[in-house]
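Residue numbers (my numbering), protein chains in the order written: chain A, 81 to 637; chain W, 458 to 528.
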Amino acid sequence: MNFLLLLAQAQTAVPAENGDTASELSRIGIIVMIVYMIILLALGVIGWMRSSNTEEDFYLAGRGQGFLVTVMTIMATFFSSAAILGIPGNVYKEGVAFVLFTMNLPCAGACIYLLGSKIRRIGQKRKYVTQGDMISDYYGDVPAVRLVVALIGFCYVLPYIIMQIKAGGYLAQGMFPDAADLNIFGHQMPIFQVGATALSLVTMFYVLIGGMRSVAWTDVLQGVLLLSGMLLAAVATIVALGGFGGYFEKVAELPPEALSLPGATGAYPAWKLMTVAVFASIGSLVQPAQWIRMYAASSDAILKKSSLVFAVVLPSCFIFGIMLVALAGRAIYPPEMVDGELVAHSFVGSFDQIVIVMIKEQLPAMMGGVGLVLVAVILVAVLAASMSTADSNLHALSAVFTRDIYDRLLRPSGTQNERAWVSRAVIVVATLLALWLVNAGHENEAFKPLNMIASLMFAAIGFSCQLLPATVDMLFIRKGTRAGVVSGMLAGVATIFLFKLYSPFADSETAQSFTRNLDLGLIGCTVNVIVFVIVSKFTPALDREHIAQLSKDMDGK
Amino acid sequence: MFVLALVMGPGPGIYLINPDPGDPEALRSIFGMPIIYVWASFWFIVQASAVALSYFLIWKSSPESSETTEA
Numbered sequence: 081m082n083f084l085l086l087l088a089q090a091q092t093a094v095p096a097e098n099g100d101t102a103s104e105l106s107r108i109g110i111i112v113m114i115v116y117m118i119i120l121l122a123l124g125v126i127g128w129m130r131s132s133n134t135e136e137d138f139y140l141a142g143r144g145q146g147f148l149v150t151v152m153t154i155m156a157t158f159f160s161s162a163a164i165l166g167i168p169g170n171v172y173k174e175g176v177a178f179v180l181f182t183m184n185l186p187c188a189g190a191c192i193y194l195l196g197s198k199i200r201r202i203g204q205k206r207k208y209v210t211q212g213d214m215i216s217d218y219y220g221d222v223p224a225v226r227l228v229v230a231l232i233g234f235c236y237v238l239p240y241i242i243m244q245i246k247a248g249g250y251l252a253q254g255m256f257p258d259a260a261d262l263n264i265f266g267h268q269m270p271i272f273q274v275g276a277t278a279l280s281l282v283t284m285f286y287v288l289i290g291g292m293r294s295v296a297w298t299d300v301l302q303g304v305l306l307l308s309g310m311l312l313a314a315v316a317t318i319v320a321l322g323g324f325g326g327y328f329e330k331v332a333e334l335p336p337e338a339l340s341l342p343g344a345t346g347a348y349p350a351w352k353l354m355t356v357a358v359f360a361s362i363g364s365l366v367q368p369a370q371w372i373r374m375y376a377a378s379s380d381a382i383l384k385k386s387s388l389v390f391a392v393v394l395p396s397c398f399i400f401g402i403m404l405v406a407l408a409g410r411a412i413y414p415p416e417m418v419d420g421e422l423v424a425h426s427f428v429g430s431f432d433q434i435v436i437v438m439i440k441e442q443l444p445a446m447m448g449g450v451g452l453v454l455v456a457v458i459l460v461a462v463l464a465a466s467m468s469t470a471d472s473n474l475h476a477l478s479a480v481f482t483r484d485i486y487d488r489l490l491r492p493s494g495t496q497n498e499r500a501w502v503s504r505a506v507i508v509v510a511t512l513l514a515l516w517l518v519n520a521g522h523e524n525e526a527f528k529p530l531n532m533i534a535s536l537m538f539a540a541i542g543f544s545c546q547l548l549p550a551t552v553d554m555l556f557i558r559k560g561t562r563a564g565v566v567s568g569m570l571a572g573v574a575t576i577f578l579f580k581l582y583s584p585f586a587d588s589e590t591a592q593s594f595t596r597n598l599d600l601g602l603i604g605c606t607v608n609v610i611v612f613v614i615v616s617k618f619t620p621a622l623d624r625e626h627i628a629q630l631s632k633d634m635d636g637k
Numbered sequence: 458m459f460v461l462a463l464v465m466g467p468g469p470g471i472y473l474i475n476p477d478p479g480d481p482e483a484l485r486s487i488f489g490m491p492i493i494y495v496w497a498s499f500w501f502i503v504q505a506s507a508v509a510l511s512y513f514l515i516w517k518s519s520p521e522s523s524e525t526t527e528a
């Protein structure tokens, strides 16, 4: 899912519009944004009023989540603002080949039930909160297992939190390109900082007070906005082009390289797309925030229903929604070759801005004032997508740190009340640190910590995939050993690091030939599984009685 | 059925219909849309049907138990 990284480059260079429309859009945008933020804060407060002061409630909403909340929070967490920026941006760049990427979604949908039901059953029975609770209970509660699982969790959630805050800054720039700096207590804040700060503080507030309940409720609103924004943008595009006839005529103008695999720049051969469809989808589902959502569902039946709705609704919104906008965008604003490199049309600015440009150009002209409101709503949908990912990962980060590090390794004798304060402190510190990094990085493009984190995001799903062999072993095979699982995960993480982040090797022809043709998560998983199996063969097996008991809990017998 | 959809949709099966960019005679569109888009839509429907069939015919929810054990 390299497109996710486009967020890191999301230079919201929205083309200049004629003055009246732009200022009118800014005014409406402010109103829609303020209404949206107020609703989020209200949901946060209601979540807090409905909560009880227990760890289980803060992290898992009392394990009583119903169908609508479960399916919407899983969907909203699954996609960040990449759903409206990065993914259509890749279709705009590569052409129709990248539409095939959406076929990862039914795969992820099926896994919600196949993996989630067993995870939920044992989590409910044994009061697990994090994935570290389950994996370390299964393989023997030793610090090494918990630490490695927590490390993989951090590698996933940290870059996501930071990059979503950064996206908030760019979105504010895009919505209010002409806004003057704000003067806050004598400090001049450019619109980028205002956007990033508003996104992070509002998110921090409702996560802090309401925990999982507030996060999930706001995810429902954000999910609805995201899905309707994706469909609305497609309808607007087709209507603006004069109906399906006009749309087909426009798409017929696409050049041959945009109509075939491996795409305009050759980035997506079939093997790459197929392995991404399998590994990136499942990797995104075994990340800490989604794992917590499996525990939080109140029954198997809810996960089963969520699985079906996810597999049908989300891909439909892509294939029959936002992808159509990107395809039309490619025909209307074809990318250009500059010095042998494919770049976005000068009017579009950067690839991931194609949907924003399309709706800002088409809707107001077509529908006048109503069109402006719809543009503002779709732009807020992008913000909603960012916030739903940021809040879920912030909440998961707090759970992983408090349960897996503080409670088990630093201070096992701490009280529940103490852990509650630590979890809230983690949320505040993580948000403020992320905000500082984003602002510092915006002021100085060479700021190394932020650039390092941006690189980490390229590999986040690959890291998360390294939990797959352990997950499959626990849920279905049950033959691995403690030494096997730890060494397998470490080998997988090292492989991802080598292939993606350690440039002397990652830039070599050998590494490139692998990453060009296969998903990064698959490469890491292959090494992980080989090491896992070999080490498990030669190390002491787990206690059979212990495994039998856990298996009964997972299988619901 | 699901695995078949994966192999045929985003997998190597796509080369059965993938138009050669250098061939002016290649079939690039069908029903007014790019052939790859139509192919992706078809195999998505197969995938979604496989999940729906599993939902109705194969997946069974286990009976819920209220018994709990501390981790």
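Glycine included, each C-beta is placed from N, C-alpha and C at the ideal position.
- [ ] Within the same chain, show all residues whose beta-carbon is closer than 6 Å to that of Gln629 of chain A, passing over the 5 residues directly before and after it, in chain order.
- [x] Translated into the one-based positions of the first sequence, residue 629 of chain A becomes position 549. Setting aside the 5 residues that flank it on each side, Gln629 of chain A has no residue in the same chain whose C-beta is closer than 6 Å to its C-beta.
Task: Leu473 of chain W: contacting residues in chain A (beta-carbon distance under 7 Å) - done: Counting from 1 along the second sequence, the entry for residue 473 of chain W is found at position 16. Neighbours of Leu473 of chain W across chain A, judged by C-beta separation under 7 Å, do not exist; the nearest C-beta is about 10 Å away.
Task: For Glu421 of chain A: DSSP bridge partner residues - done: Numbered from its first residue, the first sequence carries residue 421 of chain A at position 341. According to DSSP, Glu421 of chain A bridges with A:Val418.
Task: Cα-Cα separation between Ala88 of chain A and Lys246 of chain A, rounded to whole angstroms - done: On the first sequence, residue 88 of chain A is found 8 positions in, with the first residue counted as 1. On the first sequence, residue 246 of chain A is found 166 positions in, with the first residue counted as 1. At Ala88 of chain A the pLDDT is 38, less than 50, meaning the model places this residue with poor confidence; the figure from the coordinates comes in the next sentence. Straight through space, the alpha carbons of Lys246 of chain A and Ala88 of chain A are spaced by roughly 7 Å.
Open item on the list: According to DSSP, simplified to helix, strand and coil, what is Ile56 of chain A?
Closed with: Limits of chain A in this structure are 81 at one end and 637 at the other, which puts residue 56 of chain A out of reach.
TODO: Give a yes or no on whether 8 Å exceeds the smallest Cβ distance from Pro168 of chain A to chain W.
DONE: Position 88 of the first sequence holds residue 168 of chain A. For Pro168 of chain A, the answer is no, since every Cβ of chain W falls outside 8 Å of its Cβ.
Task: Extent of the continuous alpha helix (DSSP H) run through Ile493 of chain W - done: Residue mapping note: residue 493 of chain W aligns to position 36 of the second sequence, counting from 1. Taken as a continuous stretch (DSSP letters only), the alpha helix (DSSP H) holding Ile493 of chain W covers 492-510.
Open item on the list: Contact criterion: CB-CB distance below 8 Å. Does Glu625 of chain A meet it with respect to chain W?
Closed with: For the purposes of this step, residue 625 of chain A is taken as the residue at position 545 of the first sequence. Glu625 of chain A does not count as touching chain W.
- [ ] Would you kindly check if the distance between the Cβ of Phe594 of chain A and the Cβ of Tyr348 of chain A is under 8 Å?
- [x] In the first sequence, residue 348 of chain A corresponds to position 268, counting from 1. In the first sequence, residue 594 of chain A corresponds to position 514, counting from 1. For the 8 Å CB-CB criterion, Tyr348 of chain A and Phe594 of chain A do not form a contact.
Open item on the list: Give me, in chain order, the residues of the same chain whose beta-carbon lies closer than 7 Å to that of Glu416 of chain A; leave out the 5 immediate sequence neighbours on both sides.
Closed with: Taking the first sequence and counting its residues from 1, the one referred to as residue 416 of chain A is at position 336. Cβ neighbours of Glu416 of chain A beyond the five flanking positions: Val423, His425.
TODO: For Gly254 of chain A, count neighbouring Cβ atoms within 10 angstroms of its own Cβ and tell me buried if that reaches 16, exposed if not.
DONE: As a first step, residue 254 of chain A must be located in the first sequence, where it is residue number 174. With at least 16 other beta carbons inside 10 angstroms of its own, Gly254 of chain A counts as buried.
- [ ] Please specify which runs of the alpha helix (DSSP H), each continuous and at least 4 residues long, are wholly inside the stretch 418-502 of chain A, giving them in chain order.
- [x] For the alpha helix (DSSP H) assignment, the uninterrupted runs of no fewer than 4 residues enclosed by the stretch 418-502 of chain A are, from N- to C-terminal side, 434-479.
Task: Three-state secondary structure assigned by DSSP to Asn263 of chain A - done: Here residue 263 of chain A refers to the residue found at position 183 when the first sequence is read from its first residue. If DSSP states are grouped into helix, strand and coil, Asn263 of chain A belongs with the strands.
TODO: Please report the Cβ distance between Phe446 of chain A and Ala320 of chain A, rounded to the nearest whole angstrom; I am assuming they are in contact, meaning their Cβ atoms lie under 8 Å.
DONE: Reading the first sequence from its first residue, position 366 is the one you call residue 446 of chain A. Reading the first sequence from its first residue, position 240 is the one you call residue 320 of chain A. One detail in the question is off: residue 446 of chain A reads as Met in this sequence, not Phe. Your pair Met446 of chain A and Ala320 of chain A checks out as a contact, with CB atoms roughly 5 Å apart and the cut at 8 Å.
Open item on the list: For the stretch 479-493 of chain W, list every residue whose C-beta sits within 7 Å of some C-beta in chain A, in sequence order.
Closed with: Residues Arg485, Ser486, Gly489, Met490, Pro491, Ile493.
TODO: May I ask which residues mark the beginning and end of the alpha helix (DSSP H) holding Trp297 of chain A?
DONE: Residue numbering aside, residue 297 of chain A sits at position 217 when the first sequence is read from its first letter. Where Trp297 of chain A is concerned, the enclosing alpha helix (DSSP H) stretches over 271-320.
Task: Classification of Leu514 of chain W by the beta-carbon crowding that lies within 10 angstroms, buried from 16 upward - done: On the second sequence, residue 514 of chain W is found 57 positions in, with the first residue counted as 1. With a 10 Å radius around the Cβ and a threshold of 16 neighbouring Cβ atoms, Leu514 of chain W comes out exposed.
Open item on the list: Run through chain A and tell me which residues come within less than 8 Å of Leu463 of chain W, C-beta to C-beta.
Closed with: Sequence index remark: in the second sequence, residue 463 of chain W carries index 6 (1-based). In chain order: Met183, Cys187, Met354, Ala357, Val358.
TODO: Pull up the distance between the alpha-carbon of Leu452 of chain A and that of Thr469 of chain A, whole angstroms please.
DONE: The residue given as residue 452 of chain A occupies position 372 in the first sequence. The residue given as residue 469 of chain A occupies position 389 in the first sequence. CA-CA distance, Leu452 of chain A to Thr469 of chain A, rounds to 26 Å.
TODO: Could you tell me if Met458 of chain W is buried or exposed, where buried requires 16 or more neighbouring beta carbons within 10 angstroms of its beta carbon?
DONE: Walking along the second sequence from the start, residue 458 of chain W turns up at place 1. When all chains shown are included, Met458 of chain W counts as exposed.
TODO: Starting from Leu279 of chain A, find everything on chain W with Cβ-Cβ shorter than 9 Å and list it in chain order.
DONE: Along the first sequence, one-based indexing puts residue 279 of chain A at 199. Residues of chain W whose Cβ lies closer than 9 Å to the Cβ of Leu279 of chain A do not exist, since the nearest Cβ in that chain is about 33 Å away.
Task: alpha helix (DSSP H) segment containing Gly142 of chain A, residue limits - done: Here residue 142 of chain A corresponds to residue number 62 of the first sequence, with the count starting at 1. For Gly142 of chain A, no alpha helix (DSSP H) run applies, since DSSP gives it neither H nor E.
Open item on the list: Tell me the DSSP secondary structure of Ala483 of chain W in three-state form.
Closed with: What you label residue 483 of chain W is simply residue 26 of the second sequence in a count that begins at 1. In this structure, Ala483 of chain W counts as coil in the three-state DSSP scheme.
- [ ] Would you grab the beta carbon distance between Val61 of chain A and Arg483 of chain A for me? Rounded to a whole angstrom, and I think it's under 8 Å.
- [x] Examination of residue 61 of chain A is not possible in this model, given that chain A is present from 81 through 637 alone.
Task: Start and end residues, alpha helix (DSSP H) containing Phe612 of chain A - done: Counting from 1 along the first sequence, the entry for residue 612 of chain A is found at position 532. Where Phe612 of chain A is concerned, the enclosing alpha helix (DSSP H) starts and stops at 600-617.
Open item on the list: Can you pull the chain A neighbours of Phe459 of chain W, defined as C-beta to C-beta under 9 Å?
Closed with: The count along the second sequence starts at 1 and reaches residue 459 of chain W at position 2. Within 9 Å Cβ-Cβ: Pro186, Cys187, Ala190.
TODO: Spell out whether any CB of chain W is found under 8 Å from the CB atom of Phe83 of chain A.
DONE: Residue mapping note: residue 83 of chain A aligns to position 3 of the first sequence, counting from 1. With a pLDDT of only 34 at Phe83 of chain A, under the threshold of 50, the placement of this residue in the model should not be trusted, and no figure is reported.
Open item on the list: Can you confirm whether Phe499 of chain W, when its beta carbon is compared against all beta carbons of chain A, has any partner nearer than 8 Å?
Closed with: Counting from 1 along the second sequence, the entry for residue 499 of chain W is found at position 42. Taking 8 Å as the CB threshold, Phe499 of chain W stays off the interface with chain A.
TODO: Determine the extent of the alpha helix (DSSP H) in which Lys207 of chain A is found, giving its start and end residues.
DONE: In the first sequence, residue 207 of chain A corresponds to position 127, counting from 1. Counting along the chain, no alpha helix (DSSP H) covers Lys207 of chain A, and no H or E run does either.
- [ ] Pull out every residue of the stretch 335-350 of chain A whose Cβ sits closer than 7 Å to any Cβ of chain W, in chain order.
- [x] For the stretch 335-350 of chain A, the set of positions with a beta-carbon nearer than 7 Å to some beta-carbon of chain W reads Pro336, Glu337, Leu339, Ser340, Leu341, Ala350 in chain order.
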